[in-house]
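Number of protein chains: 2
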Amino acid sequence: MPADAHAFLERWHHVVRTRDRAAVADLLADAITLGAPPYWEKLEGKPLVHHLLGIIIETIDEFTYHREWIAGSELALEFRGRVGRRELQGIDLITLDDAGRIRNLDVMIRPLNALEALRDRVAPRMAEYLAAQR
Amino acid sequence: MPADAHAFLERWHHVVRTRDRAAVADLLADAITLGAPPYWEKLEGKPLVHHLLGIIIETIDEFTYHREWIAGSELALEFRGRVGRRELQGIDLITLDDAGRIRNLDVMIRPLNALEALRDRVAPRMAEYLAAQR
């Protein structure tokens, strides 16, 4: 059975709007992969991706979704926001699994200075998290 | 009358595949705006945007489109390619006018090193072009 993208989207918008980190986890597949804006290599696995998404949601101010596209279990969601003084526009490209959870998420952001600002704020917190896992 | 996004897409794929720079111009509105990956400020006007798109098409190797989404006159087109040794993934967010030409195009690219490599190759050629216009 194909995923119900509209049902997913309603839940996704709710958890992002309420910044409900625990509820985000229910929308991620165990083997989720994430193509983060700064890096080519995919990040893998629910605990890592869930932690990173939590940091990103905290780091981007005035995060709001705009245009959205749905084609079967593939979604494209445009967002806008701010990191410090840097305005940004971005896209979430989402592939849902049959259970309606995110199996892959690729994120792209413009412009360059906002992407750098985001990376500079997120990378140290991720490094800290990864060090604590060892 | 709403734009026929499917007819646009067929023509767009053809001109990109054949790298037909002259034919690209027919698909751009006179007052087109472009949100380029490195910069926040929009670039404006058909001659400038047409020139820049030509340089970008020449600079990204193995440029291929992948997933695509259409919602009325709004399109999202995922692409992949390479700048030098840097693999990249990107998205074209396109708004068509009533005549089926691009009125606005926002482009986002990941990862950071490919975006920097693209900017480093395109920016000098655009500076040269702009200097020659004065």
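Read top to bottom, the protein sequences are chains A and B. Numbers 1 to 134, taken from our numbering, label the letters of the first sequence in order. Numbers 1001 to 1134, taken from our numbering, label the letters of the second sequence in order. Built from N, CA and C at the ideal position, the CB exists for glycine as well.
Three-way DSSP call (helix, strand, coil) for residue i in this model
i	result
TYR1065 (chain B)	strand
ILE1055 (chain B)	helix
ALA1099 (chain B)	coil
GLU1078 (chain B)	strand
ARG1086 (chain B)	strand
ALA31 (chain A)	strand
ALA25 (chain A)	helix
6 Å CB neighbourhood of residue i in its chain, flanking five on each side removed
i	result
GLU62 (chain A)	GLY81 and ARG82
LEU93 (chain A)	ALA76 and ASP106
The ligand SAM heavy atom lying under 7 Å from the CB of residue i
i	result
LEU1027 (chain B)	Ligands in the displayed structure: none, and consequently the ligand SAM is not present.
Cα-Cα separation between residue i and residue j, rounded to whole angstroms
i	j	result
PRO124 (chain A)	ALA1132 (chain B)	44 Å
PRO1037 (chain B)	ARG1110 (chain B)	9 Å
THR1064 (chain B)	TRP69 (chain A)	20 Å
ALA1029 (chain B)	ARG1021 (chain B)	15 Å
GLY35 (chain A)	LEU1096 (chain B)	28 Å
ASP106 (chain A)	GLN89 (chain A)	14 Å
TRP40 (chain A)	ARG11 (chain A)	28 Å
ARG1017 (chain B)	ARG19 (chain A)	43 Å
HIS13 (chain A)	PHE79 (chain A)	11 Å
LEU1048 (chain B)	ALA1031 (chain B)	10 Å
LEU118 (chain A)	ALA5 (chain A)	28 Å
GLU1074 (chain B)	ARG1067 (chain B)	14 Å
GLY1045 (chain B)	THR59 (chain A)	34 Å
ASN1104 (chain B)	GLY72 (chain A)	26 Å
ASP1098 (chain B)	MET108 (chain A)	28 Å
ILE102 (chain A)	ILE91 (chain A)	15 Å
ARG202 (chain A)	ARG1134 (chain B)	There is no way to answer for residue 202 (chain A), as the model of chain A reaches only from 1 to 134.
7 Å CB neighbourhood of residue i in its chain, flanking five on each side removed
i	result
ILE1056 (chain B)	VAL1122
LEU1053 (chain B)	VAL1024
VAL15 (chain A)	ALA23, VAL24 and LEU27
LYS1042 (chain B)	THR1033, LEU1034 and GLY1035
GLY100 (chain A)	ALA3, ASP4, ALA7 and PHE8
ASN113 (chain A)	ARG86
GLY84 (chain A)	ALA117
Bounding residues of the beta strand (DSSP E) (the contiguous stretch that carries residue i)
i	result
ALA132 (chain A)	Careful: ALA132 (chain A) lies outside any beta strand (DSSP E), inside the alpha helix (DSSP H) at 112–133.
Alpha helix (DSSP H) segment containing residue i, residue limits
i	result
ALA1005 (chain B)	1005–1017
Nonlocal neighbours in the same chain, by C-beta distance under 8 Å from residue i, ignoring five residues either side
i	result
HIS1051 (chain B)	MET1126 and TYR1129
LEU1115 (chain B)	PRO1037, PRO1038, LEU1088 and ILE1109
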